[in-house]
Ligand code: HGY
Ligand code: MN
Ligand code: MN
């Protein structure tokens, strides 16, 4: 299988594949815990339902399916040599609260289509043509589609639980993380039918893997603004997430003069504004307070406690950590001045991930190959950029590759996200861009197959 052979595929085939992907995104969007919105969190009944559906779709293209000990849904297309290493393709099926229908999901469904396009049926010697024979990877590596179970961290705060299990970086302390109802991760896993004692079984070794490739919507406005469809990802931002608590004193709203108040909500509010001021003064550092609560939460009581979250990202780990130190000093100052106390718990910490040069190259090749020579309309996918030079983007949004990068090379392909809106029901991607993305991803895999063959042959 080479890029040339994919080049002979009728463009209508990619459009058909994209139509299937879009229809399936709609189908999965109906599997939600909140009617009228899309919310699907880790280890929920909805998680089990989407895994079952994804497994059906995986089997339809010849993948051998299993659910691992972290609730990831996997599908394998073996190479002729069953011990060959694996190229993983995928993304996640969980969502944030009130999500869009494409973040993560579209990447899993595109990976299934790429397998449909690339797989071949042959006899044990790999000869083509026997339609009844089991599907096989046409490369010297196997292909595996991964639908990760938790990337968002919407239920337990800690993100990348599914991919961290695969990376073998599971921390036993995570079992005690609690959701908003006080259910621990351990209890949720048991209820889902998973055995926490087997979590290590989900881990892969570096020598078992060739790499990990993921297609994802951009979740930002750059491609939309440039009028381009696809981009290569150079790196993914490092991320830390904190739960913060401010303690003051709950007292009567009418009877307590201002100089006697220790209002936790006001301290937390000032802290939130400080996060914006500090982060916006830095390049590629982004801080977001996305959760904010006051207690006891009565109209006629001065808030005695406030809780809020902080999501802090940066292009480089060191810069991000220096900004956190600065925020901490600012919190000390604010709370000291207001006679409040504050403390925090860090629930997520993932380092920045630099995409592997080889995988950046094959994704670039994939984007280039998805241009059909001689068809002016297709050249528009690279907008004003030169066809030989696809756009490269840094991703401030987090992805499963951040965890998987601990054990193997990671590469990513971004698709245009109209207006850059994501983590919102209005999130979108066009059929045409998904069709181009499927082609580019399939071409990238084919290029990697050719590269792998030449380096293995040379060694
Ligand atoms: O939060 C993120 O960056 C990602 O979308 N999970
Ligand atoms: Mn997301
Ligand atoms: Mn995502």
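In UniProt numbering, the protein residues as written are 1 to 459. Don't be surprised by glycine CBs; every beta carbon is placed ideally from N, CA and C.
- The Cβ atoms of residue 63 and residue 145 sit closer than 8 Å to each other.
- Around the beta-carbon of residue 17, 16 or more other beta-carbon atoms lie within 10 Å, marking it buried.
- Residue environment: residue 177 is assigned as buried (16 or more neighbouring CB atoms within 10 Å of its CB, all protein chains considered).
- With a cutoff of 8 Å on beta-carbon distance, residue 346 and residue 447 are scored as not near each other.
- By the CB criterion at 8 Å, residue 412 and residue 433 fall outside the cutoff.
- Taking 8 Å as the cut-off, the Cβ atoms of residue 392 and residue 269 do not count as close.
- Counted as a single uninterrupted DSSP element, the alpha helix (DSSP H) harbouring residue 326 occupies residues 317-337.
- Residue 311: member of the beta strand (DSSP E) spanning 305-314, first to last residue.
- In summary, residue 73 is buried, with 16 or more beta-carbon neighbours lying within 10 Å of its beta-carbon over all protein chains present.
- In the DSSP annotation of this structure, residue 41 is not part of any alpha helix (DSSP H), being labelled neither H nor E.
- Per the DSSP secondary-structure output, residue 212 pairs in a beta bridge with 88, 410.
- Inclusion of residue 420 and residue 218 in the CB contact set at 8 Å is warranted, their separation being smaller than that value.
- The chain-ordered list of residues whose CB is nearer than 5 Å to some heavy atom of ligand 3 reads 103, 104.
- Residue 199 sits in a helix when the DSSP states are folded into three classes.
- At least one heavy atom of ligand 2 falls within 7 Å of the beta-carbon of residue 96.
- Where residue 394 is concerned, the enclosing beta strand (DSSP E) starts and stops at 392-395.
- Per DSSP, reduced to three states, the secondary structure at residue 156 is coil, with no helix or strand assignment.
- Residue state for residue 366 is assigned as helix, using DSSP reduced to three classes.
- Nearest to residue 103 by alpha-carbon distance, out of 93, 111, 112, is 93.
- Put simply, of 223, 454, 69 the residue whose alpha carbon is nearest the alpha carbon of residue 198 is 69.
- In the DSSP assignment, residue 105 falls within the alpha helix (DSSP H) that extends over 105-118.
- Considering only 118, 12, 51, the residue with the shortest C-alpha distance to residue 441 is 118.
- Residue environment for residue 456: exposed (fewer than 16 other C-beta atoms within 10 angstroms of its C-beta).
- From the listed residues 289, 304, 238, 241, the smallest Cα separation to residue 247 is found for 304.
- Check the Cα spacing between residue 424 and each of 6, 37, 9: the tightest is with 37.
- In terms of Cβ geometry, residue 227 and residue 348 do not form a close pair [threshold 8 Å].
- The continuous beta strand (DSSP E) containing residue 238 extends over residues 238-247.
- Only buried fits residue 408, as 16 or more other CB atoms lie within 10 angstroms of its CB.
- Residue 76 is bridged by DSSP to 64, 144.
- Distance from residue 410 to residue 356 at the Cβ level is roughly 6 Å; contact confirmed, criterion being Cβ atoms closer than 8 Å.
- The closest CA to that of residue 316, considering only 283, 360, 338, is found on 283.
- With contacts defined by Cβ atoms closer than 8 Å, residue 301 and residue 263 do not form a contacting pair.
- Separation of residue 230 and residue 370 (C-alpha to C-alpha, rounded to the nearest whole angstrom) is 10 Å.
- Rounded to whole angstroms, residue 91 and residue 320 show a C-alpha spacing of 25 Å.
- Exclusion of the five residues before and after residue 277 leaves no residue of its chain whose Cβ lies closer than 8 Å to its Cβ.
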